[in-house]
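The structure under discussion appears below in the form of structure tokens.
Protein chains: 4
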Amino acid sequence: MKNLNFHPAGRHFLHIPGPSPVPDRLLRALSYPTIDHRGPEFALLARQVLSGIAQVFQTQHPVVIYPASGTGAWEAALVNVTNPGDEVLMYETGHFASLWSQLAARIGLKPEIVALPGNCSQTGFPNSWRRGVQADLIERRLREDSQHKIRAVCVVHNETSTGVTSDIASVRRAIDAAGHPALLLVDTISGLGSADYRHDEWGVDVSISGSQKGLMLPPGISFNALSERAIERSKLSTMPRSFWAWDEILQANQAGSWPYTPNTNMLYALVAAIDMLINEGLDSVFARHQRLATACRQAVHAWGLEVQCAEPSAYSPVLTGVVTPPDVDADGVRKIIYEHFNLSLGTGLGKLKGRMFRIGHLGECNDLSLLAALTGCEMGLRLAGVSLSGSGVSAAMTYLASTSSVQARYHAP
Amino acid sequence: MKNLNFHPAGRHFLHIPGPSPVPDRLLRALSYPTIDHRGPEFALLARQVLSGIAQVFQTQHPVVIYPASGTGAWEAALVNVTNPGDEVLMYETGHFASLWSQLAARIGLKPEIVALPGNCSQTGFPNSWRRGVQADLIERRLREDSQHKIRAVCVVHNETSTGVTSDIASVRRAIDAAGHPALLLVDTISGLGSADYRHDEWGVDVSISGSQKGLMLPPGISFNALSERAIERSKLSTMPRSFWAWDEILQANQAGSWPYTPNTNMLYALVAAIDMLINEGLDSVFARHQRLATACRQAVHAWGLEVQCAEPSAYSPVLTGVVTPPDVDADGVRKIIYEHFNLSLGTGLGKLKGRMFRIGHLGECNDLSLLAALTGCEMGLRLAGVSLSGSGVSAAMTYLASTSSVQARYHAP
Amino acid sequence: MKNLNFHPAGRHFLHIPGPSPVPDRLLRALSYPTIDHRGPEFALLARQVLSGIAQVFQTQHPVVIYPASGTGAWEAALVNVTNPGDEVLMYETGHFASLWSQLAARIGLKPEIVALPGNCSQTGFPNSWRRGVQADLIERRLREDSQHKIRAVCVVHNETSTGVTSDIASVRRAIDAAGHPALLLVDTISGLGSADYRHDEWGVDVSISGSQKGLMLPPGISFNALSERAIERSKLSTMPRSFWAWDEILQANQAGSWPYTPNTNMLYALVAAIDMLINEGLDSVFARHQRLATACRQAVHAWGLEVQCAEPSAYSPVLTGVVTPPDVDADGVRKIIYEHFNLSLGTGLGKLKGRMFRIGHLGECNDLSLLAALTGCEMGLRLAGVSLSGSGVSAAMTYLASTSSVQARYHAP
Amino acid sequence: MKNLNFHPAGRHFLHIPGPSPVPDRLLRALSYPTIDHRGPEFALLARQVLSGIAQVFQTQHPVVIYPASGTGAWEAALVNVTNPGDEVLMYETGHFASLWSQLAARIGLKPEIVALPGNCSQTGFPNSWRRGVQADLIERRLREDSQHKIRAVCVVHNETSTGVTSDIASVRRAIDAAGHPALLLVDTISGLGSADYRHDEWGVDVSISGSQKGLMLPPGISFNALSERAIERSKLSTMPRSFWAWDEILQANQAGSWPYTPNTNMLYALVAAIDMLINEGLDSVFARHQRLATACRQAVHAWGLEVQCAEPSAYSPVLTGVVTPPDVDADGVRKIIYEHFNLSLGTGLGKLKGRMFRIGHLGECNDLSLLAALTGCEMGLRLAGVSLSGSGVSAAMTYLASTSSVQARYHAP
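Protein chains in written order, with this note's numbering: chain A, 1 to 413; chain B, 1001 to 1413; chain C, 2001 to 2413; chain D, 3001 to 3413.
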């Protein structure tokens, strides 16, 4: 059995858009001794986790926690509010929206995909993969559905494959304007904790998220934040389900427990992660990521490359997609960067394979982390023979320096 | 946000039958930095994990790993080999067998429960909860099913609620003797890694297990070990499924990846756990637990109390159920022990609530760990006013001393 | 290079009288990221450490912290208050008192040893190694020193080699009664944090301690708690010194720094250790160890063996020395116990080599930890062929059960 | 008691010239459970450490390990080979050389300082603080010492306060050329493990080092590598000593032990650190640091600032001293960088206070770590109003990209 206690010379720079680098404090929390999940200490832990995670979703309603990774929470959201064979309207913003619709089909639903038509003339990318959700397309489709066969509208808040963040409140308004009873299900797996997200204010019925992005944890725990309507709907749902079923979990949670063994050590780390976010202040966290994302785009522009997101109001604070020139294999660039500079970047997924790479600036990212990643990109692009129009790093430094301030330092109580 | 970095004075003794105490080495492995699950290091990790876990199941066939806790693997085993509405035959050995059949019903199957009839005259406990699987009852039922409506036979290898370990090979023989095509599904969640388990030799089609018992990890990762027949059956299964579906996972595993984000940090710890088991030697591990279990029963007998398992050939090497006298509230005893001696024991579950407690001696347990637990039990029983016929600790010491030997010490390579 | 990430099957039981088992929380604290020892975070840390450690010594005066193990603090105490060639009076309570006097000689002092004369008729051990400090012998010697050549009186508070705790206040009274200006230097390396110790109230001039005993840390940090007189004396001392010199340290400490690089990570763990002690309450900590020590002696008596300490008022709450019968090699017994039961005990040191072993019950020890150790001892003694008159474990359980209570549980703020 | 589990938002960048950032693997090693330092596991550990550290010093002779920080090893080297009042010749390369001579005086030696005369016309800095050891000055002085009163020649290999690395072999040649019996004592506290260092080949008698620089550990452990002559000399030394005395340590080491309690957990981490260095290959490690140092100087030059070291052949691979313009307070710049960018740099020490800052690129530093630090410096210098002649980051990127290669990745066995 090979020893995994590996350590290449020097620090690895993990800048994929998730899993994001796990802060030392959370790694330590993860290694607290496992305790009896039916004992009194555990109930204290459970209560902290449940109230804390609701703060992060900005909701007064229950949040269901699954000892499972994020894809499970996608399935969970659907099976609790649908009946077999139901139609669900899914807006295609990118690869993950597309995967979610495939999942819906596999569990016996009828997903209908809405998307902006056509391809980008320059890049050949689908137009819909370069812009946020177009709420008017959803509204139009819902108005056509006079029989209300569509059970739910599914959208991705922050599309991890492209770096596009959608206006969720506009989707809520579209559904309401259409007078349609469909629930609003939102995937904020990569958004939560780095991009502003307001479950209650935006009228979301089920918000889906995971641990390994803005929450800065390793993968392995995921969430469904609920609304009253979602809970009511779940009581009528005939979709067979057990592990994902909300009812038993909501009931057990009232006593600080779960109907089956929770993943205790991830909960330890989750409490610590929530504490980090709340103490920095959610608004400060969101502002930090907006600033880092702006700096990152300044770099891309200075290089003379194109940002994947074509709609400035939808730029993601979580990651930036960088389109490589037509004759450059983006994965070749990534490989050079990885092998020469110990930096991991995100690959182009699905229809974007080989045409772009993604720079994650989520989670605990700060000015120098981002700049380190940008230096690796700039050197790697040059090594790959990509002709750059200027120094992206210099542009990013100029922006960051001009917007920097004395950082509030946080100490745990 | 409350700080969870708590530490009551002195070491806590965790002797519930899972989660078992996580060895320091595994806690450290859990805290390795999270890496890119699509990068080259990860593929190395995946290959080690997949081949290593197969060794632990003693199988040449694929083992599916879920980034989810054990209950999910129960559901996974069923949804991959059944069609909606299928009948499944489930043998009731205790509370967990019972919960599994409830899960089966919730996901749209028709579970039929087989059990030994009647209650124990002394304790009032169901007879079926004090003995292992009676394969002849299964054979008889299968012979009656001439139309082969029963899709699967489900049994629990080591019943965590009672401390009874069943003879799985006898169930295989019963199915074969009946000439019935039902698959054999076995829950060895609490058995694997502490009790001998042979997926291939015993002819199991799907073995279900989890991380937090004999594998000594925190909860959060679970398994389906497969057979050829199970894989074939899964291709025909019409049960809607996505997260739990084997097909995509088996395919991705061939390239050292998973179709969705795996829980990387648990995989780090899993590699280390497998390494510990393989280096100690599975046979040595099983012998260690058999010896500890015998010592534990010697203690119970010396106290004048009854072991929950009434069938010596089915005594569990993983845990021992201790029946308290009729007038003694077992949970009251547990509370005293917990509060006075910092020792956590398992509660009586379901039909056994308040009538028994469970002593876990699984995972990294050794002579002094077990004896520490037994001293806590003995003192707590006395404090609770239970009249004991002798010192269980003395009996256990006598047995352990007489069977002890110089321990081989293991060092990682 | 061999991998040290070893883990023999099952938990190791470390019951030497130091290093004591390091609680998980302290191991985690030890692994916080190292920071700039001249930066603002560090100054916060320094201030907490300096005020916290004074609380543990029960002093209002400065405590000097050395990034060095305990032996260094012995040397430090001497070199700061003496001149070359000075006489120091050292009371021999055992091996460590003896080593300290050798150290004094090596650094150019003239140690004079005071001890009870004669040997124990039964064991042949020196009488002085079985009893606490006899303050009258010290007083008598000081009275004879009319020229006040004796610069300091050195005594060991808790003699780690024997399990004898001396009455320090009586030594102070003796010095005062003799009207002698000698300083009182006390080694409480193994006492501090487990046995009651009052630097100010007892009138100690220099208290010496280390990290790896009652403070529950690994070895590597040590202390000199000072008095006003000690500080005054140090200003006149002509002993050449630099690393151990108090002056620069005391001055730098006022600004939250040290004159040379402190061992930052040990300071992290030290803050956490102090927090554990203060939150449990020093009185509760001392009472816990007294109770555990009593239980341990009950066990020794029940075995029919002799406790090394022959003076009940001097029984150590930290460790218990167990005298083996004349024909039994104590180290052979220890070896059996270590190899069969994964339990480390203290060896007989110096004049006691092979004649006794030592059971540590310091630091984070609690009822079940101690009982685990006692079961290992009892089984090992039997395996070694030692004839025991009864079960020590049973005796200890009887005592512990009868004196147990619901434990206050501590959570960090 | 305040909780130290602090974590400001985002990763801290520690680029002082020591303590250097402790790699995760070493932090984990530091948290292995403490064991009996007289038991068999410990002896294995000791042997590995002792042979491994000798490889790092490139010596066949013994290396004495102290459970104390580096300043202690300075004192140790002197007290083992001198008699009270001896003369020692100390070459002043900077602040640490100066501190060492103060230490020598405090312990009763007569240090004589040799240095290049005069100050730099531009910066006003002492010429001797901008250049390496001038061996001819040493040779001249030794030739004058016809009575051989000078007991030892003391030089600093890598002067941490300035970023100047001296040619140690030339000092050996100078001593030999003078036919002088003085021992050669070399401080390589900040050099070892990052800068090439050859104890045997260069004819050093005592090499002094510490843990928190190139060895990548926290502070708290230090070293004296010896020569035959040093050992012989120590047998004649009349300097009073105990804690620092080599004799007992060398003797105990032969049995894999120490005469007093070693700092076990630091030894765990030390084994892992040595393993990292040996597996990367010492030559590769040294080449990595030379390349990083060159990149750093390219940045300084591009900014139009001056490197503290004025002698190209003496440029340090460990750190780079950056001289700020006459009207710029270097500590003000450092403060801005620290508060805005979470980056710690070294302050100007002693005579250089406020006139320069130091960038550490020792230990586990790699391309992106260094570039992150340089971006912080460049932005901070601009924020401080320092006029820069160009982008140092761009210059460093150009150099690093042009000299980069696919990195060999290391996995522990």
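Note that CB positions come from ideal geometry on N, CA and C, so glycine has one too. Since this is a predicted model, take the numbers as computed values, not measurements.
- DSSP places Glu92/A outside both helix and strand once states are collapsed to three, so it counts as coil.
- Taking a cut-off of 8 Å for Cβ pairs, the segment 1172–1189 of chain B and the segment 1138–1156 of chain B touch, as three or more such pairs fall below it.
- With fewer than 16 neighbouring CB atoms inside 10 Å of its own CB, Thr3403/D falls in the exposed class.
- Within chain D, no residue has its beta carbon less than 7 Å from that of Asp86/A; the closest one is some 43 Å off.
- The beta carbon of Arg3028/D sits closer than 8 Å to some beta carbon of chain B.
- Assignment of Leu1277/B by DSSP, reduced to helix, strand and coil, places it in the helix class.
- Proximity of chain D to Gly2070/C at the Cβ level (cut-off 8 Å) is accounted for by Tyr3260, Thr3261, in chain order.
- Runs of the beta strand (DSSP E) lying entirely within the segment 3099–3152 of chain D, each at least 3 residues long, are 3110–3114 in chain order.
- For Gln251/A, the closest Cβ of chain B is not nearer than 8 Å.
- Using beta-carbon distances, Ile16/A counts as an interface residue toward chain B, with a partner under 8 Å.
- DSSP lists Ile1359/B as the bridge partner or partners of Thr1320/B.
- Within the same chain, and ignoring the five residues on either side of Asp3331/D in sequence, the residues whose Cβ sits closer than 8 Å to its Cβ are Thr3347, Gly3348, Lys3353, Gly3354, Phe3357.
- Every alpha helix (DSSP H) stretch that sits fully inside the segment 1222–1259 of chain B and reaches 4 residues is listed by chain position as 1228–1236, 1246–1253.
- Annotation: Leu2183/C is outside any alpha helix (DSSP H); the continuous beta strand (DSSP E) that includes it extends over 2183–2187.
- Between Gly3191/D and Arg3172/D, the C-beta spacing is not below 8 Å.
- The C-beta of Asp331/A comes no closer than 8 Å to any C-beta of chain B.
- When C-beta atoms of the segment 2063–2071 of chain C are compared with those of the segment 2253–2265 of chain C, three or more pairs fall below 8 Å, so the two segments count as touching.
- For Ala2169/C, the closest C-alpha among the options Ser2194/C, Asp2136/C, Arg2140/C is that of Asp2136/C.
- For the segment 1095–1110 of chain B, the beta-carbon criterion of a distance under 9 Å to any beta-carbon of chain A is satisfied by Leu1099, Gln1102, Leu1103, Ala1104, Ala1105, Arg1106, Ile1107, Gly1108, Leu1109.
- Contact between His2361/C and His2301/C does not hold, since the beta-carbon distance rounds to 16 Å and is not under 8 Å.
- Beta-bridge pairing by DSSP links Ile3168/D to no other residue.
- Under the Cβ distance rule, Pro2033/C counts among the residues neighbouring chain A, one pair being separated by less than 8 Å.
- For His3340/D, the enclosing alpha helix (DSSP H) begins and ends at 3330–3341.
- 8 Å or more divides the Cβ of Leu3277/D from the Cβ of Gly3363/D.
- Between the segment 3069–3087 of chain D and the segment 3233–3248 of chain D, the count of Cβ pairs shorter than 8 Å is three or higher; the stretches touch.
- Shortest Cα-Cα distance from Gln55/A to any of Arg11/A, Asp283/A, Pro312/A involves Asp283/A.
- Not a single C-beta of chain D is nearer than 8 Å to the C-beta of Pro2181/C.
- Distance from Phe2286/C to Ala2195/C at the Cβ level is roughly 7 Å; contact confirmed, criterion being Cβ atoms closer than 8 Å.
- Pairing Phe2243/C with Gly3070/D, the inter-Cα distance amounts to about 10 Å.
- Within its own chain, the residues whose Cβ lies closer than 7 Å to the Cβ of Ala1295/B, once the five positions on either side in sequence are excluded, are Leu1370, Ala1396, Tyr1399, Leu1400, listed in chain order.
- CA-CA distance, Tyr268/A to Arg2028/C, rounds to 14 Å.
- The beta carbon of Met1216/B sits no closer than 8 Å to any beta carbon of chain C.
- Chain B has a Cβ within less than 8 Å of the Cβ of Thr264/A.
- Straight-line spacing of the CA atoms in Ala3046/D and Leu2109/C works out to 32 Å.
- Within chain C, no residue has its CB atom less than 7 Å from the CB of His1289/B, the nearest being about 11 Å off.
- The beta-bridge partner set that DSSP reports for Ala2068/C consists of Ala3068/D.
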